[in-house]
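>
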Amino acid sequence: MARPLEYGEQVLLWEVRRGRTFSFVLREGDAFHSHKGSVPHGEIVGRPEGSRVRSSTGTEFVVFRPRLPERMMKVRRRTQIVYPKDAGWLALALDLAPGMRVVEIGTGSGAFTILLAQLVGHDGRVYTFDRRQDFLDNALENVARAGLLDRVEARVLEAGKPFPVEGKVDAVFLDIPEPWLAVPPAYAVLAPGRPLAGIVPTAEQLKGFVTALERGRFVAVEAVELLERRILVREKEGVRPFERMVGFTGYLISARKALPAGKEEECGG
Ligand SMILES: C[S@@+](CC[C@H](N)C(=O)[O-])C[C@H]1O[C@@H](n2cnc3c(N)ncnc32)[C@H](O)[C@@H]1O
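Take the sequence shown: its position 31, counted from the start at 1, is 11 in the working numbering, and no numbers get skipped.
#1: On the three-state DSSP scale, how would you describe G249?
#2: Who does L276 pair with in a DSSP beta bridge?
#3: Secondary structure at Y231, three-state DSSP: helix, strand or coil?
#4: Should T37 be labelled buried (16 or more other beta-carbon atoms within 10 Å of its own) or exposed?
#5: Can you tell me the Cα-Cα spacing of E(-14) and S35, whole angstroms?
#6: Give me the Cα-Cα distance between A119 and T87, rounded to the nearest whole angstrom.
#7: Determine, using beta carbons only, whether D66 and L232 come nearer to each other than 8 Å.
#8: Look at the alpha carbon of E8 and the alpha carbon of P(-16), and state the distance between them as a whole number of angstroms.
#9: Got a sec: does ligand 1 put a non-hydrogen atom nearer than 7 Å to the Cβ of A192?
#10: If you compare alpha carbons, which of G(-12), E223, V106 is closest to R45?
#11: Using 8 Å as the threshold, is the C-beta distance between R209 and P221 below it?
#12: As a quick exercise: from A139, R32, L154, V149, pick the residue whose alpha carbon is nearest that of G90.
#13: Could you spell out where the alpha helix (DSSP H) holding Q98 opens and where it closes?
#14: Confirm the yes/no value for this check: CB of F189, any heavy atom of ligand 1, distance under 7 Å.
#15: For ligand 2, is there a heavy atom less than 7 Å away from the beta-carbon of E205?
#16: Closer than 5 Å is what we want: which residues have a beta carbon that near any heavy atom of ligand 1? List them in chain order.
#17: First and last residue of the beta strand (DSSP E) that includes D114?
#18: Considering only residues of the same chain and omitting the five flanking positions on each side of V163, which have a CB-CB separation below 7 Å?
#19: Using three-state DSSP, classify K141 as helix, strand or coil.
#20: With a Cβ-Cβ cutoff of 8 Å, do E40 and L(-8) count as a contact?
#21: Could you tell me how far apart the beta carbons of V136 and L161 are, in whole angstroms, since I believe they sit closer than 8 Å?
#22: Along the alpha helix (DSSP H) that carries Y167, what are the first and last residues, could you check?
#23: Can the beta-carbon of S14 be found less than 8 Å from the beta-carbon of F2?
#24: Using CA coordinates, which residue listed in I94, I61, H102 is at the minimum distance from P78?
#25: Looking at the structure shown, is E8 part of a helix, part of a strand, or coil, going by DSSP?
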């Protein structure tokens, strides 16, 4: 049975003619307004997602619950964010599952925090850190809008300091300009064998990051860049790639924590 849309939920209106999207939280007595007219929230509540609604000017929309990448892209941005194109690879590299615990530094706008929070589920924990309290406040509002605040803890922390987390965690994600600063504390907080991943925007940062990982007893270090091309599939004009594309978003890195030789007893801690 399709679960009807309720007040308090985030929804996405997809404009049928132009494919544009608008995202907002359903509130009693409120209405969605754009230059395409208005839609009272009361006309959306109670319907299943996938329903069609018309604005006051007759524009047709389909209403959805946003998928994970849409929730990430619709955050209120105070910083650059991790784009879905890269987030998929990074999420696989981090090997997260429900109930796991993950450390993240910098939180930024919380786009990637939303993905982490979804992956670890109700019983998992995301410990996210940033040097700026104002960024954390904004990120937590974004996480709350995505309905995932119950599993996220955020604190101010300068990279290089030990992560204030009890015990060992299952994965670490780094998205800061100087990721090498956070490599030794990441090693200290990670459970043996578990992954670290990160993203950096320049080749110089990539080299510094990889060097720090290799010196810091991480192994299986991989660096990749992903390119994504949209394909136009049209009845009359033919099928071909869209002529414009995002040229570059970042270098992606993953690695795993190896124990020093003869230190297998660390497994317990
Ligand atoms: C590119 S943003 C992270 C974006 C985030 N991953 C997202 O998807 O929204 C980088 C963040 O790192 C934080 N940062 C930069 N240097 C830092 C440091 N030395 N210690 C802690 N946080 C730092 C910045 O304040 C900024 O919020």
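No residue lacks a Cβ here, since even glycine has one placed at the ideal position from N, Cα and C.
Fair warning: this is a prediction, and the values are worked out from it, not measured in the lab.
Straight from the coordinates:
#1: Counted from its first residue, the sequence shown places residue 249 at position 269. Its pLDDT being 43, under 50, G249 is placed unreliably in this model, and the value from its coordinates should be taken loosely. The answer is coil: DSSP assigns G249 none of H, G, I, E or B.
#2: Any question about residue 276 goes unanswered here, given that the chain covers just -19 to 249.
#3: As a first step, residue 231 must be located in the sequence shown, where it is residue number 251. Here Y231 sits in strand by DSSP.
#4: What you label residue 37 is simply residue 57 of the sequence shown in a count that begins at 1. Exposed, by the Cβ-count rule.
#5: If you number the sequence shown from 1, residue -14 lands on position 6. If you number the sequence shown from 1, residue 35 lands on position 55. Rounded to the nearest angstrom, the two C-alpha atoms are 19 Å apart.
#6: The sequence position of residue 119 within the sequence shown is 139, counting from 1. The sequence position of residue 87 within the sequence shown is 107, counting from 1. A119 and T87: Cα-Cα distance of roughly 7 Å.
#7: As a first step, residue 66 is located in the sequence shown; it is residue number 86 there, counting from the start. As a first step, residue 232 is located in the sequence shown; it is residue number 252 there, counting from the start. Yes.
#8: By 1-based counting over the sequence shown, the position of residue 8 is 28. By 1-based counting over the sequence shown, the position of residue -16 is 4. Those two C-alpha atoms are separated by around 15 Å.
#9: Here residue 192 refers to the residue found at position 212 when the sequence shown is read from its first residue. No, the Cβ of A192 stays beyond 7 Å of every heavy atom of ligand 1.
#10: Start at 1 with the first residue of the sequence shown, and residue 45 comes out as number 65. For R45, the nearest C-alpha among the options comes from G(-12).
#11: Against the sequence shown, residue 209 aligns to sequence position 229. Against the sequence shown, residue 221 aligns to sequence position 241. Result yes, Cβ atoms of R209 and P221 sit closer than 8 Å.
#12: Reading the sequence shown from its first residue, position 110 is the one you call residue 90. Among A139, R32, L154, V149, the Cα nearest to that of G90 is on L154.
#13: The residue labelled residue 98 in the question sits at position 118 within the sequence shown. Segment 91 to 100, the alpha helix (DSSP H) holding Q98.
#14: The residue you call residue 189 lines up with position 209 of the sequence shown. No, ligand 1 has no heavy atom inside 7 Å of this Cβ.
#15: With respect to small molecules bound, the structure shown includes ligand 1 and not ligand 2.
#16: T59, Q60, I61, V62, G86, G88, S89, A91, F92, D110, R111, R112, F115, E138, A139, D155, I156
#17: Along the sequence shown, one-based indexing puts residue 114 at 134. No beta strand (DSSP E) holds D114; the alpha helix (DSSP H) holding it covers 113 to 125.
#18: Working through the sequence shown from its first residue, we reach residue 163 at position 183. The residues are A192, L193, G196.
#19: Here residue 141 refers to the residue found at position 161 when the sequence shown is read from its first residue. The answer is strand: DSSP assigns K141 an E or B state.
#20: Here residue 40 refers to the residue found at position 60 of the sequence shown. Here residue -8 refers to the residue found at position 12 of the sequence shown. Not in contact: E40 and L(-8) (Cβ atoms no closer than 8 Å).
#21: Start at 1 with the first residue of the sequence shown, and residue 136 comes out as number 156. Start at 1 with the first residue of the sequence shown, and residue 161 comes out as number 181. The pair is not a contact, with the Cβ atoms about 15 Å apart (cut-off 8 Å).
#22: Your numbering for residue 167 matches position 187 in the sequence shown. Start and end: 163 to 169.
#23: Stepping through the sequence shown from its first residue, residue 14 is reached at position 34. Stepping through the sequence shown from its first residue, residue 2 is reached at position 22. Yes, they are a contact pair.
#24: In the sequence shown, counting from the first residue as 1, residue 78 sits at position 98. P78 has its Cα closest to that of H102, out of I94, I61, H102.
#25: For this step, residue 8 is matched to residue 28 along the sequence shown. Residue state, collapsed to three classes: coil.
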